[in-house]
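>
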Amino acid sequence: MAPKIVLLPEEKMVLEIILQGGSNGKRKTETLREMRRRTKEVTKSSLENVLDKLKNEKLIKEVTAQTARNDKVLMGFDFKPSKELTGSAWYSDGVLDLDFVHQLFDIVAEYLSSASRYCTEKTILDVLQQSGVLPADIRDNVGDEEVAQLMNAMRLDGVVTVKEQDEGRFYSLVVDAQQHGGRELASLLETPCYHCPVRMRCSMLQVEDVCPQRCEYFNGLLAGANR
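Here this note's numbering is used: the sequence shown runs in plain steps of one and ends on residue 251.
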């Protein structure tokens, strides 16, 4: 029988804060801020010591989030990170797997180039599943949502066209699309704009609440590009 883990009050407090984040976890900065609301004695150094103990005891773990690459996210050891956190199956440790996405791009484009009619997302999912390119550890995590994400990026990149019908979305390859660079696709998937849940309301005219001029993520993206 494994010995019972004994935690000090401060350690219990940190664990409680992290577990409240569930599958979305808690950023380190959030955890420190919440701890300082509860007690003035905590410092960055003391928090790191607590986190080290909790990790060593396998009570918590660190994950890299696609939306917070500069700030580690903490979560309960047995929690599975949400797709919102990791960025779906196309990401590895919170970073877009460029080579993998390009490989998927080529497979889909090759299949569509030989298809005699528009193809559904289910057909494309079957093609990817049967291609053998999906690693075993993510195969079960690739579904309609992931295929829709990939196909929407290809549509925005001008590689495929889509027909919206009551039965669903149907795709075909744009003529000469295979000559189109796949790097634009990967770049699009990396932008916070692509993953924004309110992107359809975004306007450059600033007449809406949602616009690039007021977006902290968009400004951060530009700041990173200018470094």
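A virtual CB, placed ideally from N, CA and C, is assigned to each residue, including glycine.
As the structure is a computational prediction, the values presented were derived from the model and not from experiment.
1) Per the DSSP calculation, residue 196 is bridged to which residue(s)?
2) Starting from residue 86, follow the alpha helix (DSSP H) in both directions and report where the run begins and ends.
3) Compute the distance between the beta-carbons of residue 133 and residue 166, then report whether it is under 8 Å.
4) Ordered along the chain, which non-local residues of its own chain (more than five positions away) have a Cβ less than 8 Å from that of residue 70?
5) Rank 140, 170, 141, 138 by C-alpha distance to the C-alpha of residue 152 and give the top, closest one.
6) Pick helix, strand or coil for residue 78, following the three-state DSSP scheme.
7) Checking 8 Å against the spacing of the C-beta atoms, do residue 144 and residue 194 come in under that value?
8) Are three or more beta carbon pairs between the stretch 50-58 and the stretch 95-110 nearer than 8 Å?
9) Measure the C-alpha to C-alpha separation of residue 72 and residue 87 and round it to an integer number of angstroms.
10) Any idea what DSSP makes of residue 51, helix, strand or coil?
11) Can you tell me whether residue 184 is buried or exposed, with buried defined as 16 or more other CB within 10 angstroms of its CB?
12) Whole angstroms is fine: what's the gap from residue 140's alpha carbon to residue 119's?
13) Which residues in the same chain as residue 61 place their Cβ atom closer than 6 Å to its Cβ, once the five residues preceding and following it in sequence are excluded?
14) At a Cβ threshold of 8 Å, is residue 71 touching chain D?
15) From residue 108 to residue 163, what distance separates their C-alpha atoms?
16) Output the residue ranges of the alpha helix (DSSP H) runs that lie fully inside the stretch 104-155 and measure 4 residues or longer, sorted by chain position.
17) Residue 46 by DSSP, collapsed to three states: which one?
18) Nearest CA to the CA of residue 142: which residue from 123, 192, 74?
On the basis of the supplied data:
1) Sequence index remark: in the sequence shown, residue 196 carries index 172 (1-based). Answer by DSSP bridge pairing, in chain order: 185.
2) Here residue 86 corresponds to residue number 62 of the sequence shown, with the count starting at 1. No alpha helix (DSSP H) contains residue 86, which is instead part of the beta strand (DSSP E) from 84-89.
3) Position 109 of the sequence shown holds residue 133. Position 142 of the sequence shown holds residue 166. Not in contact: residue 133 and residue 166 (Cβ atoms no closer than 8 Å).
4) Translated into the one-based positions of the sequence shown, residue 70 becomes position 46. Contacts found: 34.
5) The count along the sequence shown starts at 1 and reaches residue 152 at position 128. Residue 152 has its Cα closest to that of 170, out of 140, 170, 141, 138.
6) As a first step, residue 78 is located in the sequence shown; it is residue number 54 there, counting from the start. Helix.
7) Your numbering for residue 144 matches position 120 in the sequence shown. Your numbering for residue 194 matches position 170 in the sequence shown. Yes; because the gap between Cβ atoms is below 8 Å, this pair is in contact.
8) yes
9) In the sequence shown, counting from the first residue as 1, residue 72 sits at position 48. In the sequence shown, counting from the first residue as 1, residue 87 sits at position 63. Going from the Cα of residue 72 to the Cα of residue 87 covers about 15 Å.
10) By one-based count along the sequence shown, residue 51 stands at place 27. Strand at residue 51.
11) Here residue 184 refers to the residue found at position 160 when the sequence shown is read from its first residue. So residue 184 ends up on the buried side.
12) Within the sequence shown, residue 140 is the residue found at index 116, counting from 1. Within the sequence shown, residue 119 is the residue found at index 95, counting from 1. Using only the alpha carbons, I get a separation of about 35 Å.
13) Start at 1 with the first residue of the sequence shown, and residue 61 comes out as number 37. Excluding sequence neighbours, residue 61 sits near nothing in its chain.
14) Judged by its chain identifiers, the structure shown contains no chain D, having just a single protein chain.
15) In the sequence shown, residue 108 corresponds to position 84, counting from 1. In the sequence shown, residue 163 corresponds to position 139, counting from 1. Using only the alpha carbons, I get a separation of about 18 Å.
16) 107-110, 122-138, 145-155
17) In the sequence shown, the residue the question calls residue 46 occupies position 22. Three-state result, residue 46: helix.
18) Position 118 of the sequence shown holds residue 142. If we check each option's Cα against that of residue 142, 192 comes out closest.
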